[in-house]
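In what follows, a structure is listed as structure tokens, so that the remarks can point back to it.
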Amino acid sequence: MDSKPYTSVDVEIKVPRFEESAGFYTTVQRSRTMSKIKGKNSIPELKLRKALWAKNVRFRIHPKGFQGKPDLIINKYRLAIFVDGDFWHGYEWEERKSSLKKNTGFWIPKIERNMQRDRQINEVLSAKGYTVMRFWEHQVKENLAKCVNQVLLYIEAVRMGVLPSTI
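Heads up, the sequence shown is in this note's numbering, so the first residue is 22 and it goes up one at a time.
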């Protein structure tokens with residue numbers, strides 16, 4: 022993600038509506054493809070959940086009423102985990118932004134707003150005493166063991182008293 026911290030003086034990025042009246046056109050095929058994109062239970066998220074469960078890490082998924090709707094919450098250790106899609110959350114955004122060919126007037130503000138919202142959510146959850154971990158989908162797909170190990174190291178650090186638990 023972007024290393025720039027979110028501050029309350031940041032102006033919220035406005036995303037134009039993706040509709041014909043705004044000058045955006047879509048084909049039936051594109052519409053059908055986009056409708057199949059899931060916000061929950063993606064393959065990388067399921068892999069991470071299954072691997073953590075196998076290591077006896079217990080968690081809640083997609084808690085209702087929780088700021089930012091984390092993919093996983095481990096309340097005992099005040100840990101919120103997100104698995105962010107590379108495209109949707111702007112992995113290597115400055116390099117990838119120039120490769121967008123169609124509907125750039127929509128996609129650039131859309132993804133930049135997602136990145137801005139991620140920073141806001143991190144700030145809110147940190148203020149509530151949660152540690153936020155964000156994994157890119159490609160990290161989970163390519164190196165699941167490393168992601169699981171990062172969570173396990175955090176949990177062990179809290180257990181050992183190296184990291185404070187705000188419970």
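Think of the CB as a built atom: it goes at the ideal place given N, C-alpha and C, for glycine as much as any other residue. Bear in mind that the values here come from a model prediction, so they are computed numbers and not experimental data.
The straight-line gap separating the alpha-carbon atoms of Glu33 and Pro130 is approximately 10 Å. Rounded to whole angstroms, Asn77 and Tyr98 show a C-alpha spacing of 14 Å. Ranked by Cα distance from Tyr112, the options Lys85, Asn135 and Asp31 are led by Asn135. Inter-segment contact for the stretch 160-177 and the stretch 138-146 is absent: fewer than three beta-carbon pairs are separated by less than 8 Å. The alpha-carbon of Lys57 is positioned some 23 Å away from that of Ser120.
According to the DSSP assignment, Arg138 belongs to the alpha helix (DSSP H) that extends over Thr125 to Ala148. Positions of the alpha helix (DSSP H) runs, each at least 4 residues long and wholly inside the stretch 54-135, are given as 64-75 and 114-118 in order along the chain. For Arg155, the beta-bridge partners assigned by DSSP are Phe103. Straight-line measurement puts the Cα of Met181 at about 20 Å from the Cα of Phe80.
Per DSSP, the continuous alpha helix (DSSP H) segment holding Asn170 begins and ends at Leu165 to Met181. Annotation: Leu69 to Ile102 spans about 10 Å, alpha carbon to alpha carbon. Shortest Cα-Cα distance from Ala72 to any of Leu165, Ser63 and Phe87 involves Leu165. Cβ-Cβ distances below 6 Å link Trp74 to nothing in the same chain once the five nearest sequence neighbours on each side are left out.
Taken through DSSP and simplified to helix, strand or coil, Lys35 comes out as coil. Residue environment: Asp31 is assigned as exposed (fewer than 16 neighbouring CB atoms within 10 Å of its CB, all protein chains considered). The beta-carbon separation of Val104 and Glu133, rounded to 20 Å, does not stay under the 8 Å limit for a contact.
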